[in-house]
Structures are given as structure tokens and as C-alpha cells.
Amino acid sequence: MSVAIPVITIDGPSGAGKGTAAAAVALQLNFHLLDSGAVYRVAALHALRNNADLNDEASVLATFSTMRASFEPKGPDGVAALLGEEDVSLQIRTEQTGNAASKVAVMPGVRAAVLDEQRAFRRSPGLVADGRDMGTVVFPDAQLKVFLTASPQERAIRRAKQLKDKGIKASIADLAREIGERDTRDASRTHSPLVPADDAISIESSALSIDEVVERIVQEWSTRAKSES
Ligand code: DC
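This is the structure we're talking about:
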């Protein structure tokens, strides 16, 4: 019987620290990394560039026939997103692409179209995957599932700090309200809503440093690996 390649999933709302934690866990365990949000962002960027109507699923899906998206490891701490030969790693991080990604991510046809692409990241010796539905839909057989949260207030503080580092001022109250609204939208959508998998462990990170979050996940992984050997 073949042994499944190990997967650790880290799901949760935006701003909970999933991306940073996933990259650090992958680095420690020498596992591959899937930032599934980047997959939606690349698809959205391609749709935008091809003038798709982002409120019309058929219009977005029509652009996929010419999409050649790929992801290549870039140094120890990241993965480059490519559209054809072009490195679009920076372009996919803009607010415009983020908003477009959240629109296309609600479309069931889009979610189905990127499913295989995400599963192809599962390669030996293992994978850490972060997103919203990694443990529920994409890798339901993952050996460790983490649901990472933080209070809206704490996530707003973290987001304000990120923006300040970029020279952008933002009100924490406004950010907390926007984050609350986005949580409700993500959790209430029909397809792949943001919910913890039944067998996920929850980590509330409001009072934890990123190092503490990473340590908990790696410890949990080592405990499980030992009990299986
Ligand atoms: O994590 P992020 O901000 O890069 O994600 C971009 C958008 O993609 C976000 O609006 C939520 C959506 N997304 C999703 O629906 N499912 C995932 N597994 C990952 C991201």
C-alpha cells in the first residue's frame, strides 16, 4: 500500500498569520509550500488583464483557456508566481488584484478549475498548504489540519502595522470593521466557505508571537509523526 505524501493545512481568516506561519513551518520541515490565495490572485490578474467581467463567471472562465500559470520555488522563503514567462509575484499583491481575487474565488467554476493545480503541489517529502478550504476541500486527507484565528481587533492592528511599514496610514477601527465584514462574507458563501474542518486543531493567535504559533504546529506534527512510527 502506498503511503500518502504528508500534508499540513493551515486555514483561517485573512490577517491571522497563516502565510507567515505556513512559510516558516515549511522551511523547518523542509516541505513544499502552497499559498492557495496566490493561485486565486493569479487567476484574477489574468482575468483583469483580459478585460473579463468579474461579476460574470462565464466571462472569467473564458479567459482561462489562455492562462499559463505556474509557481516556482524562489529562495528559501517563497515561491514566484508566473503568468507565461512573466514573474507577477508583485502584481498579485496589489489591493486591486486582492479584491478581484475575492470576487473570482466565490465562483464554483473557478474553484473547480484550480483544484488540480493546487493538488499538484503535494510532492515528496511533504506540503504545507495555507488558505480557506485546504483542510475541508482540497486536502481532506491531510495528516494535520490547523485552523488559525485571531480577533478582528488584533488582525486590524497587524494590518495597520503592515500598511504603516508601506507608508500608508489607516484607522484601526475602519480596518476592524472591514475585516469583520469580510469574515462574514467568507464564512457565509455557498462554495467552500471558511469553516474549520471537523478534525482541525484551532490555534487562537491573538496573544501569540509568530514563533510561538510555528512552534505549536511543528510540535503537534512531531507528536503525530512519533505516534505513527
Ligand atoms: O489569502 P489571500 O488574501 O491571498 O486570498 C486571496 C483571495 O482568495 C481571498 O479573497 C480569499 C480567496 N481564497 C479562497 O477563497 N480560498 C483559498 N483557499 C485561498 C484564498
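Numbering (my numbering), first residue to last: 2 to 230. Using N, Cα and C, we set each Cβ at its ideal position, and we do this for glycine too. Because the structure is a prediction, the values reported are computed rather than measured.
Starting from the Cα of residue i, find the closest Cα among the options and give me that residue.
| i | options | result |
| --- | --- | --- |
| E118 | S223, A23, G38, F32 | G38 |
| W222 | P197, Q29, V40 | Q29 |
| G18 | V219, D212, E229 | D212 |
| S121 | G16, A25, L34, A24 | According to the sequence provided, residue 121 is Ala. The question's Ser does not apply to it. The residue with the shortest Cα to Cα distance from A121 is L34. |
| A63 | G20, E73, N51, P74 | N51 |
| E182 | Q163, Q154, S207 | Q154 |
| L116 | H192, A226, A59 | H192 |
| S15 | R178, T95, R156, A113 | R156 |
| S60 | A70, H47, S71 | H47 |
| V8 | Q220, G136, G76 | G136 |
| S172 | D166, I158, T185, D54 | I158 |
| D1 | Q97, N100, G99, K75 | Missing from the structure shown is residue 1; the chain here goes from 2 to 230 and no further. |
| S207 | D187, S152, D166, T185 | S152 |
| F65 | L128, D187, V105, L209 | V105 |
| A201 | F72, D187, V138 | V138 |
| A70 | D166, L91, A53, V40 | V40 |
| L195 | D134, L55, V107 | D134 |
| A1 | R123, A174, Q144, S103 | Here the chain comprises residues numbered 2 to 230, so residue 1 is not present and cannot be evaluated. |
| T21 | T67, S125, G79 | G79 |
| R31 | F140, K167, V129, E229 | Residue 31 is actually Asn in this sequence, not Arg. Cα-wise, what sits closest to N31 is V129. |
| M68 | E86, R178, A81 | E86 |
| R124 | E216, V107, A114, F140 | F140 |
Assuming residue i contacts residue j (C-beta within less than 8 Å), just tell me the rounded distance between them.
| i | j | result |
| --- | --- | --- |
| A27 | D142 | Actually they do not touch by this definition, with Cβ atoms about 19 Å apart. |
| V147 | A44 | With a Cβ gap of about 25 Å, V147 and A44 do not count as contacting. |
| T150 | S203 | 7 Å |
| A161 | L176 | 6 Å |
| D57 | G132 | Between G132 and D57 the Cβ distance is about 24 Å, and since that is not below 8 Å, they are no contact. |
| L83 | E73 | 6 Å |
| R186 | T98 | The pair is not a contact, with the Cβ atoms about 18 Å apart (cut-off 8 Å). |
| A101 | L49 | 5 Å |
So who's on the other strand from residue i, going by DSSP bridges?
| i | result |
| --- | --- |
| H246 | Summary: the structure shown does not reach residue 246, with the chain confined to residues 2 through 230, and so no result is reported for it. |
| P74 | V80 |
| K238 | Given a span of 2 to 230 for the chain in the structure shown, any question on residue 238 remains unanswerable. |
| E205 | T150 |
| E87 | L84 |
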